[in-house]
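Novice: Sequence lines, in order, name chains A and B. Position one of the first sequence corresponds to residue 1 (the numbering used here), numbered consecutively onward. Position one of the second sequence corresponds to residue 389 (the numbering used here), numbered consecutively onward. Idealized CB from N, CA, C, for every residue including glycine. Got a structure for you, written out below as structure tokens; questions coming shortly.
There are 2 protein chains.
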Amino acid sequence: MKVYMDYASGSNVDPRVIKEMLPFFNEHVGNPSSFHSEGFKALKAINKAREQIAALINSEPSEIIFTSSATEASNLAIIGGAIRYKNKGNRIVTTAIEHISTINICKELTKQNFEMFQCPVDSSGIIMLDKFEELVNEKTVITSVMVANGEIGTIQPVKEASEIAHKKGSYIHSDATAALGKMEIDVKDLNIDFLTLSSNDIYGPKGVGALYIKKGLRVRPIIIGGGQEQGLRSGTENTPGIVGFGAAAEIIKKDMFKETTRLEKIRDELIERITSTIPESYLSGHPLKRLSNNANIRFNYIEGEALILSLDQEGIQLGTGSACAAKTLEPSHCLLALGLKHEEAHGSLVFTLGKGNNNEQVDYIMAKLPAIVKKLRAMSPITPEELK
Amino acid sequence: MKVYMDYASGSNVDPRVIKEMLPFFNEHVGNPSSFHSEGFKALKAINKAREQIAALINSEPSEIIFTSSATEASNLAIIGGAIRYKNKGNRIVTTAIEHISTINICKELTKQNFEMFQCPVDSSGIIMLDKFEELVNEKTVITSVMVANGEIGTIQPVKEASEIAHKKGSYIHSDATAALGKMEIDVKDLNIDFLTLSSNDIYGPKGVGALYIKKGLRVRPIIIGGGQEQGLRSGTENTPGIVGFGAAAEIIKKDMFKETTRLEKIRDELIERITSTIPESYLSGHPLKRLSNNANIRFNYIEGEALILSLDQEGIQLGTGSACAAKTLEPSHCLLALGLKHEEAHGSLVFTLGKGNNNEQVDYIMAKLPAIVKKLRAMSPITPEELK
Chain A
1 MKVYMDYASG SNVDPRVIKE MLPFFNEHVG NPSSFHSEGF KALKAINKAR EQIAALINSE
61 PSEIIFTSSA TEASNLAIIG GAIRYKNKGN RIVTTAIEHI STINICKELT KQNFEMFQCP
121 VDSSGIIMLD KFEELVNEKT VITSVMVANG EIGTIQPVKE ASEIAHKKGS YIHSDATAAL
181 GKMEIDVKDL NIDFLTLSSN DIYGPKGVGA LYIKKGLRVR PIIIGGGQEQ GLRSGTENTP
241 GIVGFGAAAE IIKKDMFKET TRLEKIRDEL IERITSTIPE SYLSGHPLKR LSNNANIRFN
301 YIEGEALILS LDQEGIQLGT GSACAAKTLE PSHCLLALGL KHEEAHGSLV FTLGKGNNNE
361 QVDYIMAKLP AIVKKLRAMS PITPEELK
Chain B
389 MKVYMDYASG SNVDPRVIKE MLPFFNEHVG NPSSFHSEGF KALKAINKAR EQIAALINSE
449 PSEIIFTSSA TEASNLAIIG GAIRYKNKGN RIVTTAIEHI STINICKELT KQNFEMFQCP
509 VDSSGIIMLD KFEELVNEKT VITSVMVANG EIGTIQPVKE ASEIAHKKGS YIHSDATAAL
569 GKMEIDVKDL NIDFLTLSSN DIYGPKGVGA LYIKKGLRVR PIIIGGGQEQ GLRSGTENTP
629 GIVGFGAAAE IIKKDMFKET TRLEKIRDEL IERITSTIPE SYLSGHPLKR LSNNANIRFN
689 YIEGEALILS LDQEGIQLGT GSACAAKTLE PSHCLLALGL KHEEAHGSLV FTLGKGNNNE
749 QVDYIMAKLP AIVKKLRAMS PITPEELK
């Protein structure tokens, strides 16, 4: 059996999305800037996608700027926003559990005279709003608080963070990469200024993302050139990719409630069976305020890498920490931010579920995982005798 | 009949390329940074593409950095290179006929204490090497001279420019977007430091590009994040797009000679028949040192936009100037650089041929174009009586 539960790292494209994209690979190939009917067709298709994505987050279509990835969108918001509005101040406030890309983007700005502060989280991974309020002051130009964390699953109080940021005159950016399609996201309700969106996380193609920019706001562009996307993001538009992202947004808007309910049940069964069967296994992150498709489970006395490679040999593919940082084999900064020790943070599995998952796969995991954990613990010199 | 001769603006993806890409949309969906077999498969596929592209330009695979477009690649080279090596000086030298994206990238750097100079071209569009030698001095950090111009077709003396640049201690970047797959490009022979590559221009997918960076050189990244692509370009890799770009590179390496020979004949027939049939119609750019698939033809006493829209109604799709700037309806900066007057530069058609073109389409163009030119000239108050 094959069990792929690493959807937060990479997802298949919905077959209905591929069907929408294909004509833009081999039939409607015009450049949306071209001054003829093939160009106009491409332009129309891109604007339709803009409407589909806007509908998913309750924005205006003109507030959506297409990029090549969520990472690029966050660069555009945080670096582009901080530099555009640097007259407001040089302070940036983010959190201790942001995606590594957001943290590195903020760090980059510290080379350009900005100061960066990371708001701590409690042991369930939720940012401490009182600390956030202390950190955000009148010199704060932009804050960045993710909608939900794709690794530990915790959903953040973005609306409250937005109120605090705006009260101090700061803009607020939020990374919705992990949350999009897993929960309602309404930019008007959240009162957010910039929102990072990812296509592949909602079964759209890789290589596409978008940034929501609230009407009236501007950013300094990151990619300079022909002036596409309202002058904010140059480069010939990736029409098939954008069309796919739009189609994926329309589909997930319809499917979301049913699918998240389905996955949540499978996920809950997985958590319950693992933590009740395997001694010293614990759920990380908040038990309730978490993404419906996420389970992050920690096993004491084990190295995560050995665990993940052993599971892979049985056809079970999972994440360890953020996929982007996985190769470094460093313990996850998110788990450390929860207050876990280095050795505790090392033995975690990140299950992120998606359309291909079902209850039989949980049975399969339960047929393999306990024995693998036992075997690896038996090999470890630090395992207590009763666990070997 | 449908005649699409705007390949420089947007091209179909080769069916063999689509076939290679599809499994990475719905089957091999892992993140190349993931620590399991699906991740390793994606990583392997990306590295294969790196080899395929390296083989096309005679570089090492490790010298290829994937980006989301040629524009992004040029940003990375010029902005990333100028800032990385700013200790060398603050002078940037490019040409008067670079793509608008390159010109705007260089302009952006003038906001950061760099000075920008544009080398003039002769009336055939070839840069004046003596002027180039005067402009490049010891304070020059980077120069940018394109391999060939996609609008007027002229092939530039990049090897000579490279010698001049290196003699003065400057790095040289070249934009190969229009030239790739239309002529041999050997980075070792050209002795180039940075080379911008585009996927869609060789029948690969849109939304992918690459930058060749000569071994040992570095750039400051433009997109910050998880540290993909040797830390030079962050963001989850667009695996299907990259696989497609690689497949396209391998195919065009085999097909290039035969296909460019075929297209050159069609293109030459087109030029000959148009300029001999329609009075006051002229080829812009160099008659011989030009891309095999390009014809840029100027018609006096006509507005290019009226011409292109009339042709579109007959199913003939062409370019006017650079697609990226087409929407501005400004006369092309390339044509003005040749010494043409504003009113002369306005009435041009850009034919860029590709796989879907054949001789019958030339017959069809000749059945429509002369009458349209005549009709439009008859409506214009500035046409001499004998042309009406």
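Given that a residue counts as buried once 16 or more other Cβ atoms are within 10 Å of its Cβ, and exposed if not, what is Asn419/B?
Specialist: Flag for Asn419/B reads buried.
Novice: Tell me whether Met644/B sits in a helix, a strand or coil according to DSSP, three-state version.
Specialist: Correct three-state label for Met644/B: helix.
Novice: For Asp563/B, go through chain A and note every residue whose CB falls closer than 9 Å to its CB, in chain order.
Specialist: What Asp563/B touches in chain A: nothing, since even the nearest Cβ is about 11 Å away.
Novice: By how many angstroms is the C-alpha of Lys576/B removed from the C-alpha of Glu526/B?
Specialist: Looking at the two C-alpha atoms, the distance is approximately 24 Å.
Novice: Pairing CB atoms from the segment 310-318 of chain A with CB atoms from the segment 251-264 of chain A, are three or more of them under 8 Å?
Specialist: Short answer: they don't touch.
Novice: Report buried or exposed for Gln616/B, applying the criterion of at least 16 other Cβ atoms within 10 angstroms of its Cβ.
Specialist: It counts as buried.
Novice: Whose Cβ in chain B lies nearer than 7 Å to the Cβ of His346/A?
Specialist: Within chain B, no residue comes near His346/A; the closest Cβ sits about 13 Å away, beyond 7 Å.
Novice: How would you list, in chain order, the residues of chain B whose beta-carbon sits under 7 Å from the beta-carbon of Pro331/A?
Specialist: Those do not exist, as Pro331/A stays about 14 Å from chain B at its closest Cβ, beyond 7 Å.
Novice: Buried or exposed for Asn588/B, please, with buried defined as at least 16 other CB atoms from any protein chain shown within 10 angstroms of its CB.
Specialist: Asn588/B is buried by the Cβ-count criterion.
Novice: Can you grab the Cα-Cα spacing for the pair Ile839/B / Leu497/B, in whole Å?
Specialist: Since the first residue of chain B shown is 389 and the last is 776, residue 839/B is not available in this structure.
Novice: DSSP three-state call for Gly319/A: helix, strand or coil?
Specialist: Three-state result, Gly319/A: strand.
Novice: Take the Cβ of Ile466/B as the centre, count every other Cβ of all protein chains shown within 10 Å, and call the residue buried at 16 or more, exposed below.
Specialist: Burial call: buried.
Novice: Is there a Cβ from chain A that is less than 7 Å from the Cβ of Gln500/B?
Specialist: Cβ-Cβ to chain A under 7 Å: no for Gln500/B.
Novice: Pair every Cβ in the segment 164-177 of chain A with every Cβ in the segment 88-100 of chain A, then say whether three or more of these pairs are closer than 8 Å.
Specialist: Yes, the segment 164-177 of chain A is in contact with the segment 88-100 of chain A.
Novice: Taking DSSP as the reference, what is the three-state secondary structure of Ser199/A?
Specialist: Note: Ser199/A maps to coil in three-state DSSP.
Novice: Hey, Ile441/B and Asn463/B: beta-carbon distance below 7 Å or not?
Specialist: No, these two residues do not count as a Cβ contact at 7 Å.
Novice: What does the alpha-carbon distance come out to for the pair Ser124/A and Ser348/A?
Specialist: Cα to Cα, the separation comes out at about 15 Å.
Novice: What three-state label does DSSP hand Ala443/B in the structure shown?
Specialist: Three-state result, Ala443/B: helix.
Novice: Taking C-beta pairs closer than 8 Å, name the residues in chain A that Pro403/B reaches, listed in chain order.
Specialist: Ordered by position in chain A, the residues that pass the 8 Å Cβ test against Pro403/B are Asn26.
Novice: Compare the C-beta of Glu496/B with all C-beta atoms of chain A and state if any pair is closer than 7 Å.
Specialist: Yes, Glu496/B counts as interfacial toward chain A.
Novice: Should Leu353/A and Asn293/A be called a contact, given that it needs their Cβ atoms to be closer than 7 Å?
Specialist: Result yes, Cβ atoms of Leu353/A and Asn293/A sit closer than 7 Å.
Novice: Pick helix, strand or coil for Asp186/A, following the three-state DSSP scheme.
Specialist: Here Asp186/A sits in coil by DSSP.
Novice: Could I get the ranges of all uninterrupted alpha helix (DSSP H) runs contained in the segment 36-104 of chain A, with 4 residues as the minimum, in chain order?
Specialist: Listed in chain order, the complete alpha helix (DSSP H) runs (minimum 4 residues) inside the segment 36-104 of chain A are 37-57 and 70-84.
Novice: Are the C-beta of Gly538/B and some C-beta of chain A separated by less than 7 Å?
Specialist: Not closer than 7 Å to any Cβ of chain A, the Cβ of Gly538/B fails to qualify, so no.
Novice: Go through its chain and collect everything with a Cβ distance to Ala371/A's Cβ below 6 Å, but skip five positions before and after it.
Specialist: None.
Novice: Under 7 Å between beta-carbons, which chain A residues line up against Ser457/B? List them in chain order, please.
Specialist: Neighbours of Ser457/B on chain A, chain order: Gly235 and Thr236.
Novice: Can the beta-carbon of Val93/A be found closer than 7 Å to that of Ala248/A?
Specialist: No, Cβ-Cβ distance for Val93/A and Ala248/A is not below 7 Å.
Novice: In the DSSP assignment, what residue or residues form a beta bridge with Met5/A?
Specialist: Beta-bridge pairing links Met5/A to Leu318/A.
Novice: Count the other CB atoms, across all protein chains shown, that sit within 10 Å of the CB of Ile552/B; report buried if there are 16 or more and exposed otherwise.
Specialist: With 16 or more other Cβ atoms within 10 Å, it is buried.
Novice: Going by beta-carbon coordinates alone, are Lys182/A and Leu291/A separated by less than 7 Å?
Specialist: Yes, the Cβ-Cβ distance between Lys182/A and Leu291/A is below 7 Å.
Novice: The segment 188-205 of chain A: which residues have C-beta closer than 9 Å to a C-beta of chain B, in chain order?
Specialist: Hits within the stretch, in order: Ser198, Asn200 and Pro205.
Novice: Short check: CB of Thr67/A to CB of Leu232/A, under 7 Å?
Specialist: No, the pair does not count as a contact, with Cβ atoms beyond the cut-off.
Novice: Pick from Arg218/A, Phe351/A and Asn191/A: whose alpha carbon is nearest that of Leu369/A?
Specialist: Per the Cα distances, Phe351/A.
Novice: Residues in its own chain within less than 8 Å of Leu523/B by CB, not counting five upstream and five downstream?
Specialist: Val481, Phe505 and Cys507.
Novice: Since Pro240/A meets chain B, which of its residues come closer than 9 Å, beta carbon to beta carbon?
Specialist: The answer, in chain order, is Val401, Pro593, Lys594 and Gly595.
Novice: For Val141/A, does the three-state DSSP call read helix, strand or coil?
Specialist: The answer is strand: DSSP assigns Val141/A an E or B state.
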